[in-house]
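Trainee: Residue numbers (my numbering): 2 to 229. Idealized CB from N, CA, C, for every residue including glycine. Quick caveat, the model's predicted, so the values are computed rather than measured.
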Amino acid sequence: TTLPVSTNKKKKIEIPESPIRPPRLTKAVCLDCEMVGIGEMGLDNMLARISIVNQLGQCLYDKYVKATEPVVDYRTSISGVTEQHLQNGIPLDVVQKEVSDIIEHRTLVGHAIHNDLQVLFLSHPKRRIRDTQRYKGFRSLFNGGLPSLRSLADKVLGLKIQTGAHDSVEDARITMQLYVQHRREWEKSLRENKSLTSEEKHKRIRARQKQKQLQNSSSRVKKRNNLI
Numbered sequence: 002t003t004l005p006v007s008t009n010k011k012k013k014i015e016i017p018e019s020p021i022r023p024p025r026l027t028k029a030v031c032l033d034c035e036m037v038g039i040g041e042m043g044l045d046n047m048l049a050r051i052s053i054v055n056q057l058g059q060c061l062y063d064k065y066v067k068a069t070e071p072v073v074d075y076r077t078s079i080s081g082v083t084e085q086h087l088q089n090g091i092p093l094d095v096v097q098k099e100v101s102d103i104i105e106h107r108t109l110v111g112h113a114i115h116n117d118l119q120v121l122f123l124s125h126p127k128r129r130i131r132d133t134q135r136y137k138g139f140r141s142l143f144n145g146g147l148p149s150l151r152s153l154a155d156k157v158l159g160l161k162i163q164t165g166a167h168d169s170v171e172d173a174r175i176t177m178q179l180y181v182q183h184r185r186e187w188e189k190s191l192r193e194n195k196s197l198t199s200e201e202k203h204k205r206i207r208a209r210q211k212q213k214q215l216q217n218s219s220s221r222v223k224k225r226n227n228l229i
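1. Is residue 82 near residue 35, with beta carbons less than 8 Å apart?
2. Scan the segment 122–167 and note each continuous alpha helix (DSSP H) run of 4 residues or more that stays entirely inside, going in chain order.
3. In whole angstroms, give me the CA-to-CA distance for residue 107 and residue 216.
4. Can you tell me which residues form a DSSP beta bridge with residue 241?
5. Hey, would you say residue 111 sits closer than 8 Å to residue 76, going by beta carbons?
6. Counting only the same chain and skipping the five closest in sequence on each side, list residues whose C-beta sits under 7 Å from that of residue 11.
7. Please state if the CB of residue 118 and the CB of residue 97 are separated by a distance shorter than 8 Å.
8. With a CB to CB cut of under 7 Å and the five nearest residues on each side skipped, what residues in its chain are close to residue 65?
9. Please return the same chain residues whose Cβ sits closer than 8 Å to the Cβ of residue 170, not counting the five positions on each side in sequence.
10. Can you give me the C-alpha to C-alpha distance between residue 84 and residue 206, rounded to a whole angstrom?
11. Do you know offhand how far residue 209's Cα is from residue 193's?
12. Distance check for residue 25 and residue 165, CA to CA, integer angstroms please.
13. Of the choices 69, 128, 144, whose alpha-carbon is the least far from that of residue 95?
14. Got a sec? Which residues, its chain only, sit under 8 Å from residue 115 by beta carbon, not counting five neighbours each side?
15. Work out the CA separation of residue 212 and residue 218 for me, nearest whole Å.
16. Tell me the rounded alpha-carbon separation between residue 56 and residue 140.
17. Rounded to whole angstroms, what is the Cα-Cα separation between residue 138 and residue 214?
18. Kindly indicate which residue of 172, 186, 146, 177 has the alpha-carbon position closest to the one of residue 109.
19. Check whether the Cβ atoms of residue 158 and residue 179 lie closer than 8 Å to each other.
20. Taking 6 Å as the limit between beta carbons, can you name the residues of its chain near residue 93, skipping five residues before and five after?
21. Would you mind working out which of 40, 191, 152 sits nearest residue 127, comparing C-alpha positions?
22. How should residue 196 be labelled, buried or exposed, when 16 other C-beta atoms within 10 angstroms of its C-beta is the threshold for buried?
23. Can you give me the C-alpha to C-alpha distance between residue 149 and residue 142, rounded to a whole angstrom?
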């Protein structure tokens, strides 16, 4: 699938906010995490902040998470996270329960979302995951490579993001915007792939059945020859 590339660099993110009704859960939600460095030289990741938005871009959840291991590098210039944020954070097990309740039975959108699920120590059914880094329609714009969210926002939406410290709410909104704008062709491609996969399964089953019939036929011939 070839997608149109945006040439509008002045477009702004328009997020509808209702002063009366609280944000509602939608069929799809988007998750994004900020991480800090732990372990030797701070190269390993630990969850520091988790944000979830709905299909309208409204924030459903935004929490800092109490550290479970000593932090070697807060990566503040990138993550925007400080020591005080984590001191005032909530326990990881509480976050896991709350996040699980939100994403259960829903389409989960994210960018390189395996990294987010890894630091959350959570899993989600593969059929319900929509990863903007791995969608072929987006990858085709980058010669099949795995694009960064910043590159996608620029090329597909015409938006400049992450010019300073990252904001997981903004990143989740951008990721959801990418999904929503291209949801129709994305979901269509998944249905077509599923249909092809199903057809391939039937072909393999028929091939195995035919092979078994040939083997049985060969065995009967050998038995008759032995009796002669």
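Mentor: Taking the structure as given:
1. A contact, by the Cβ cut-off of 8 Å.
2. The segment 122–167 contains, as complete alpha helix (DSSP H) runs of 4+ residues, the segments 137–140, 150–153 (chain order).
3. The alpha-carbon atoms of residue 107 and residue 216 are separated by roughly 47 Å.
4. What is shown of the chain runs 2 to 229, which leaves residue 241 out entirely.
5. Cβ distance not < 8 Å, so residue 111 and residue 76 don't count as in contact.
6. Low local confidence applies: a pLDDT of 49 at residue 11 is under 50, so the model's placement there is unreliable, and no value is given.
7. No; because the gap between Cβ atoms is not below 8 Å, this pair is not in contact.
8. Within the same chain, residue 65 has close Cβ partners 49, 50, 86, 87, 89, 90.
9. Within its own chain, the residues whose Cβ lies closer than 8 Å to the Cβ of residue 170, once the five positions on either side in sequence are excluded, are 33, 52, 54, 60, 63, listed in chain order.
10. One alpha carbon belongs to residue 84, the other to residue 206, and they sit about 58 Å apart.
11. Rounded to the nearest angstrom, the two C-alpha atoms are 24 Å apart.
12. Between residue 165 and residue 25, the C-alpha separation is close to 30 Å.
13. Nearest option by C-alpha distance: 69.
14. Same-chain partners within the cutoff: 132.
15. Each residue's Cα considered, the two are about 10 Å apart.
16. Using only the alpha carbons, I get a separation of about 22 Å.
17. When rounded, the distance between both Cα atoms is 43 Å.
18. Checked all of 172, 186, 146, 177; the closest Cα to residue 109 is 177.
19. Going by C-beta atoms, residue 158 is nearer than 8 Å to residue 179.
20. The residues are 66, 69.
21. With distances taken between Cα atoms, residue 127 lies closest to 191.
22. Counting Cβ neighbours within 10 Å, residue 196 comes out exposed, since fewer than 16 surround it.
23. Rounded to the nearest whole angstrom, the C-alpha separation of residue 149 and residue 142 is 12 Å.
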